[in-house]
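First up is the structure itself, then whatever we jot down about it.
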Amino acid sequence: MKWLILALVCLQLSEGLVRVRLRKGKSMRELMKDKGVLEDFLKQHKHDRGRKYHFNEYNIAHESIANYLDSFYFGEITIGTPPQTFLVLFDTGSSNLWVPSTYCQTQACSNHVRFNPTQSSTYSAIGNNYTLPYGFGEVDVTLGSDTVTIQNVVVTNQVFGLTGYEPTSPFYYTYFDGILGMAYPDLAIPGYYSLMQNLLRQDQLTEPIFSFYFSRKPTYYYGGEVILGGVDSQLYSGEIMWAPVIQEVYWKIAIEEFSIGQTTTSWCSQGCQGIVDTGTFQLTVPEQYIGELLQAVGVPENSDYWEVDCNNIQNMPILTFSVNGNQLSLPPTVYVLNDQDVCYIGVETTYVNSQNGQPVWILGNVFLRQYYSVFDIANNRVGFALSTSTN
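Taking mature numbering (1 follows the signal peptide of the UniProt record, and there is no 0), I'd label the letters of the sequence shown as residues -16 to -1, 1 to 375.
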């Protein structure tokens, strides 16, 4: 995940930004009603019975996701009986589900909703303890199992982590409570089924597929959608361009070429790899190429935060990835981020390596705002189609 964004979040909060928190048991719908925006939202996103989906709606979860400080996208799940509500980051870059718990007394946990196992009649303790590493820190969890619900799909006896320790940075400042991992089982705690596996084992999805739409102009009340069990053809245009997964750990695909404007670089002449990761905000660049990329898009050498002139964005080059014979382009209006009229390049250095030494990119949310993404579990492939809306 992007350390700079988290640092900016911490800075803004420390300077007195009022942080509106979700209270236990209060849904996104109730919050929107409290803020007086629910009626307008429903008018703009009302359900159309004539809308054509690629799936039977009875067996899908069509979850609206929100956004905070123009960074990460998160949505609601419930755990337990009666249900306890949490905001989670739907993360294709990891495979475990965890939420804060009453076992944890750190500031990071107390600043979020915490799962109370004594108040769930369906909870079962497992007791094994694990440390879960992420690119931005670690959390310590103890395992338990309970019922997990996402919209109208229900998974019973789902193993998940209840945190016993969360460091203050960054978790105190994150607006989401926990993380729901959606990558392959090899990244999960061994010996237990991940939530994605159980969705399929318990026949909760019409199709073994899920997809994401990220708004290019997200708000707290609507940042996009995650669809478990299918795709929504109204959220993209044209055909879906498919790429096979080359290693069933991450959702990792091959990148054949990378171009800056009309110039094809030699960076991927021996092959590159791309991890499609909804848990990474920015586009990450292999370390050996980050300086050259910044120079090519016009970032001044002495720029600490890779700032560019907001008035010159239209003159900056298009970045293009060649993936399975298809050209996936990012215009500067997508990869340049604007924070209160301060514009900067939405990239960072890749923090993972490949086993064969090929350069690794992470196609994070900056990339995924441009492309509707589809994750096909049965066929081990990832699809991309141009998002239809700039909402």
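Glycine is no exception: its CB is placed at the ideal position from the N, C-alpha and C atoms. This one's a predicted model, so the numbers in the text were calculated from it and none came from an experiment.
- CA-CA distance, E47 to E285, rounds to 42 Å.
- Around T65, the same chain offers S104, S105, T106 and T131 as residues with beta carbons nearer than 7 Å, after the five sequence neighbours per side are excluded.
- Annotated as proximal: V307 and G258, with beta-carbon spacing under 9 Å.
- Taking all protein chains in view, the Cβ of E122 is surrounded by fewer than 16 other Cβ atoms within 10 Å, so the residue is classified as exposed.
- The alpha helix (DSSP H) runs lying completely inside the region 101 to 184 and spanning 4 residues or more are 152 to 155, given in chain order.
- As the crow flies, the alpha-carbon of Y87 is around 37 Å from that of A362.
- Ranked by how close their Cα comes to the Cα of F56, the residues L352, L370, V358 and G367 have L352 in first place.
- Judged by their CB atoms, L179 and G162 are not nearer to each other than the 9 Å cut-off.
- DSSP places E276 inside the alpha helix (DSSP H), whose first and last residues are I274 to A280.
- In terms of Cβ geometry, V281 and Y220 do not form a close pair [threshold 9 Å].
- Of the candidates T158, Q311, L189 and N80, L189 places its Cα closest to the Cα of G213.
- In the DSSP annotation of this structure, Y234 is not part of any beta strand (DSSP E), being labelled neither H nor E.
- The C-beta distance from N141 to L127 rounds to 12 Å, too long to fall under 8 Å, and the pair is not in contact.
- Ranked by Cα distance from E150, the first of S85, I63 and L71 is S85.
- Contact annotation: the region 240 to 257 does not touch the region 320 to 332, with fewer than three C-beta pairs closer than 8 Å.
- L53 and E241 have their alpha carbons spaced roughly 33 Å apart.
- Classified as exposed, C294 has fewer than 16 neighbouring CB atoms from the shown chains inside 10 Å of its CB.
- CA-to-CA, the gap between V350 and L171 works out to about 24 Å.
- Residues of the same chain with a CB within less than 6 Å of the CB of P316, apart from the 5 flanking positions on each side, are I297 and M300 in chain order.
- DSSP places F70 inside the beta strand (DSSP E), whose first and last residues are Q68 to D75.
- By the neighbour-count criterion, in which a residue is buried when 16 or more other Cβ atoms sit within 10 angstroms of its Cβ, N337 is exposed.
- Under the 10 Å beta carbon count, T76 is surrounded by 16 or more other beta carbons and is classified as buried.
- Taking 9 Å as the cut-off, the beta carbon of L314 is found no closer than this to the beta carbon of I329.
- Distance from the CA of G175 to the CA of V229, rounded to the nearest whole angstrom, comes to 23 Å.
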